[in-house]
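Chemist: The following block contains the structure, expressed as structure tokens.
In the working numbering, the protein residues as written are -19 to 659.
Structure representation (structure tokens):
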């Protein structure tokens, strides 16, 4: 059989092998050097393992210099807190294998100075974030080895949130904020809080006029049960002013509580770029587009694999982060506005640590009156800006000052560096608070002129991770307006794996049932159709991987529907073959006529389905797009599989059909019946 069409079968074999390579050998970017953390433990505090006159960090640096010889990169400094048996070293590696080898060398070098030092369990988890060593690399593209699962090799398919687990966030761009102080705190119980929010929302919905308060969000601050925020989507300044009056009037109807405005209401004016139409709708669309770009950059720097970030006009963004297990970290990194400012504090203002919150700084005037951080930033009477976030170069990094103090190191643009140097030279001895949004994260004293165009932020970080998150935020830029998390839903990895296993099992059972039906009903043609079906599945999966699709549960449904259409195409040909065998003189002639005359029905069904998939893809969102994408791929490949692969197999056995019609028993029976009808 194969000898009749050797070129076609050789091409088909190469195609199948290529598909298997694409499916099981992941293709990605060539690994680049990354920072990872080596966690260390010792039987005693590190300072107690050496001479008391020596510094643990200095001794570690000497050990590293002997183990890691230039031009090899030397690990970072050893950081440990006084009296602690644990320490950390920031190291650099490209792949997991390299990181594992380097971490062992770090332990070996430190063991000569600190007896009994060993790797901490957290090191393995941090190394696991690095990529594996590729099989080979061509420029920026690399081919990686097969992933191994519990049951053997795992296809290199990107899994969506519903199959892998992770975090699903729905973010809304805030346009206006109204804050109110209550005369008494709201009870702590969830039932009472929900009851209060319902009362406020009902009152807002009854507000007269075109104020659009039905969509307003009511938020009770977790750390202050007597503070309520009303967030709205005011489309312009005029509606914002109307909402201000309408909200104040509506809140008077809420029984048991008295609302007093706290601070000035805030309106976040969207600004369209120069040259674009200056209207509210165009500006809002521009803000949404700009926000998505910044969120994408932050997610990329967060290191999330295959995120899904989609716009939901007019003011919402859907962010899906597969594989993320810490929802709060995702919210902190993705949702913060990260508007950093370094300001010169008025000499009459005094900063103090907040006794209730060590991470916060309070400000008081010369009469002892407390002033909020937001007011310090906005009122030039209290402070004047020196540096803003836009003045920073995108090279901000996190590290340590001294032995154990996390810090963020930044560089300024040339013009800002000159301005910063002049301001610090003229104000030695003054306080220079550093704000992230409205929170003061540090308030250092200017000890001398800072003319190098660089600086550091320290004193406000508990861990190096907090410093790294801030550096990430500053590098990605400030959001044009705050983002509110209106939905924060987590999908456990266990639930995702269970959904995937059940879907695959259902699909596998369905495919086996259909293949059994094809063999029993169509005999040899059914067997050939099953072989073509296997090749179709390989082609479909390889194409899906090549275009970078993310597989979801609806995507699996689209895949199975495409598979059903592929079988339906074969059935159309086989049924037409039955009819042609009654009127054609030979099996070869009947086969040729069957493919030619079934083509119209095949093309019609595939084109209409493809149109429907295209409409779903462009008008749908999220899971609907995944379904449409897999369905469209399946429809296109169904045409190739049925017309090319099945046709090749059928023509290869055409001579067998001429000499042994018993293998086509169903077709013979049908042709005999048609002949009897004509007589």
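Quick reminder that beta carbons are idealized off the backbone N, C-alpha and C, glycines included.
1. Between residue 195 and the rest of its own chain, which residues show a CB-CB distance below 8 angstroms, the 5 nearest in sequence each way excluded?
2. For the region 545 to 604, which segments carrying the beta strand (DSSP E) assignment without a break, of at least 3 residues, lie completely within its bounds, in sequence order?
3. What separation, rounded to the nearest whole angstrom, lies between the Cα atoms of residue 555 and residue 582?
4. Residue 522 to residue 530, Cα distance in whole Å?
5. Kindly indicate which three-state DSSP category residue 211 falls into: helix, strand or coil?
6. Helix, strand or coil, according to DSSP, for residue 510 in the structure here?
7. Does the separation of the CB atoms of residue 617 and residue 520 fall below 8 angstroms?
8. Buried or exposed for residue 218, going by 16 or more other Cβ atoms inside 10 Å?
9. Smallest Cα separation from residue 162: which of 234, 527, 571?
10. Check for me: the beta strand (DSSP E) holding residue 381 runs from which residue to which?
11. For residue 118, which option in 107, 149, 10 has the closest C-alpha, if you only look at C-alpha atoms?
12. Buried or exposed, going by whether 16 or more other CB atoms sit within 10 Å of the CB of residue 49?
13. Taking the DSSP output, what are the residues bridged to residue 70?
14. Should the region 483 to 500 be regarded as contacting the region 560 to 579, the criterion being three or more beta carbon pairs within less than 8 angstroms?
15. By DSSP, does residue 520 sit in helix, in strand, or in coil?
16. Would the beta-carbon of residue 388 fall within 8 angstroms of that of residue 375?
17. Which residues does DSSP pair with residue 200 in a beta bridge?
18. Suppose contacts are defined by Cβ-Cβ distances below 8 angstroms. Is residue 633 in contact with residue 149 by that definition?
19. Runs of 3 residues minimum, wholly inside the region 416 to 446: which ones carry the beta strand (DSSP E) assignment?
20. Is it a yes or a no for the region 528 to 544 touching the region 15 to 33, going by three-plus beta-carbon pairs under 8 angstroms?
21. For the beta strand (DSSP E) that residue 146 lies in, which residues bound it at each end?
22. Where does residue 627 sit, in a helix, a strand or coil, going by DSSP?
23. Specify the secondary structure class of residue 166 as computed by DSSP and reduced to three states.
24. If you draw a straight line from the C-alpha of residue 56 to the C-alpha of residue 37, how long is it?
25. What three-state label does DSSP hand residue 393 in the structure shown?
26. When the distance is taken between beta carbons, is residue 512 closer than 8 angstroms to residue 621?
27. Quick one: using the 10 Å Cβ neighbour count with 16 as the cut-off for buried, is residue 269 buried or exposed?
28. In chain order, what residues of the same chain have a beta carbon less than 7 angstroms from the beta carbon of residue 424, not counting five sequence neighbours either side?
29. Spell out the partners DSSP gives residue 367 in its beta bridges.
30. May I have the straight-line CA-CA distance separating residue 613 from residue 105, to the nearest angstrom?
31. Quick one: residues in its chain with C-beta nearer than 6 angstroms to the C-beta of residue 159, no 5 flanking neighbours on either side, listed in chain order?
32. For residue 404, does the count of other Cβ atoms within 10 angstroms reach 16, so buried, or fall short, so exposed?
33. Identify every residue that forms a DSSP beta bridge with residue 468.
34. The alpha helix (DSSP H) spanning residue 81 covers which residue range?
35. Would you mind giving the Cβ-Cβ distance between residue 299 and residue 275, rounded to the nearest angstrom? I have them listed as a contact below 8 angstroms.
36. Please state whether the Cβ-Cβ distance between residue 534 and residue 604 is less than 8 angstroms.
Modeler: Reading from the atomic positions:
1. Mapped onto the chain shown, residue 195 falls at position 215. 212, 213.
2. none
3. The sequence position of residue 555 within the chain shown is 575, counting from 1. The sequence position of residue 582 within the chain shown is 602, counting from 1. Cα to Cα, the separation comes out at about 12 angstroms.
4. Counting from one through the chain shown, the residue named residue 522 turns up at place 542. Counting from one through the chain shown, the residue named residue 530 turns up at place 550. Approximately 13 angstroms, taken between the alpha carbons.
5. Your numbering for residue 211 matches position 231 in the chain shown. In the structure shown, residue 211 sits in a strand (DSSP, three-state: E or B).
6. Within the chain shown, residue 510 is the residue found at index 530, counting from 1. Residue state, collapsed to three classes: helix.
7. Here residue 617 refers to the residue found at position 637 when the chain shown is read from its first residue. Here residue 520 refers to the residue found at position 540 when the chain shown is read from its first residue. Contact: yes.
8. Numbered from 1 along the chain shown, position 238 holds the residue referred to as residue 218. So residue 218 counts as exposed.
9. Stepping through the chain shown from its first residue, residue 162 is reached at position 182. Of 234, 527, 571, the residue nearest in Cα terms is 234.
10. As a first step, residue 381 is located in the chain shown; it is residue number 401 there, counting from the start. From DSSP, the beta strand (DSSP E) with residue 381 extends over 377 to 381.
11. In the chain shown, counting from the first residue as 1, residue 118 sits at position 138. Nearest of 107, 149, 10 to residue 118, Cα basis: 10.
12. On the chain shown, residue 49 is found 69 positions in, with the first residue counted as 1. It is exposed - the Cβ of residue 49 has fewer than 16 other Cβ atoms within 10 Å.
13. Indexing the chain shown from 1 puts residue 70 at position 90. DSSP, once it has assigned bridges, lists 17 as partnering residue 70.
14. no
15. In the chain shown, counting from the first residue as 1, residue 520 sits at position 540. In this structure, residue 520 counts as helix in the three-state DSSP scheme.
16. For the purposes of this step, residue 388 is identified with residue 408 of the chain shown, where counting begins at 1. For the purposes of this step, residue 375 is identified with residue 395 of the chain shown, where counting begins at 1. Contact flag unset, no.
17. For the purposes of this step, residue 200 is identified with residue 220 of the chain shown, where counting begins at 1. Per DSSP, 208.
18. Position 653 of the chain shown, counting from 1, holds the residue named residue 633. Position 169 of the chain shown, counting from 1, holds the residue named residue 149. No, the pair does not count as a contact, with Cβ atoms beyond the cut-off.
19. DSSP assignment within the region 416 to 446 yields the following whole beta strand (DSSP E) runs of 3 residues or more, N-terminal first: 419 to 422, 434 to 438.
20. No, the region 528 to 544 is not in contact with the region 15 to 33.
21. In the chain shown, the residue the question calls residue 146 occupies position 166. It spans 146 to 153 - the beta strand (DSSP E) in which residue 146 sits, taken as one unbroken run.
22. On the chain shown, position 647 is the one that residue 627 refers to. DSSP places residue 627 in helix when its eight states are reduced to three.
23. The residue labelled residue 166 in the question sits at position 186 within the chain shown. In this structure, residue 166 counts as coil in the three-state DSSP scheme.
24. Along the chain shown, one-based indexing puts residue 56 at 76. Along the chain shown, one-based indexing puts residue 37 at 57. Rounded to the nearest angstrom, the two C-alpha atoms are 10 angstroms apart.
25. Start at 1 with the first residue of the chain shown, and residue 393 comes out as number 413. Residue 393: coil per DSSP, three-state reduction.
26. In the chain shown, residue 621 corresponds to position 641, counting from 1. In the chain shown, residue 512 corresponds to position 532, counting from 1. Yes, the Cβ-Cβ distance between residue 621 and residue 512 is below 8 angstroms.
27. Numbered from its first residue, the chain shown carries residue 269 at position 289. Burial call: exposed.
28. Indexing the chain shown from 1 puts residue 424 at position 444. Closer than 7 angstroms at the Cβ level, and outside the excluded window around residue 424, lie 412.
29. Locating residue 367 in the chain shown gives position 387, where the first residue counts as 1. Residue 367 is bridged to 322.
30. Within the chain shown, the letter at position 633 stands for residue 613. Within the chain shown, the letter at position 125 stands for residue 105. Residue 105 has its alpha-carbon roughly 37 angstroms from the corresponding atom of residue 613.
31. Residue 159 sits at position 179 when you count from the first residue of the chain shown. If we look at residue 159 and ignore the five residues flanking it on each side, its Cβ neighbours are 209, 242, 243.
32. The count along the chain shown starts at 1 and reaches residue 404 at position 424. When all chains shown are included, residue 404 counts as buried.
33. Here residue 468 is taken as the residue at index 488 of the chain shown, counted from 1. Beta-bridge partners assigned by DSSP to residue 468: 149.
34. Translated into the one-based positions of the chain shown, residue 81 becomes position 101. 76 to 91 is the extent of the alpha helix (DSSP H) around residue 81.
35. Numbered from its first residue, the chain shown carries residue 299 at position 319. Numbered from its first residue, the chain shown carries residue 275 at position 295. The pair is a contact, with the Cβ atoms about 6 angstroms apart (cut-off 8 angstroms).
36. Walking along the chain shown from the start, residue 534 turns up at place 554. Walking along the chain shown from the start, residue 604 turns up at place 624. For residue 534 and residue 604, yes; Cβs fall inside 8 angstroms.
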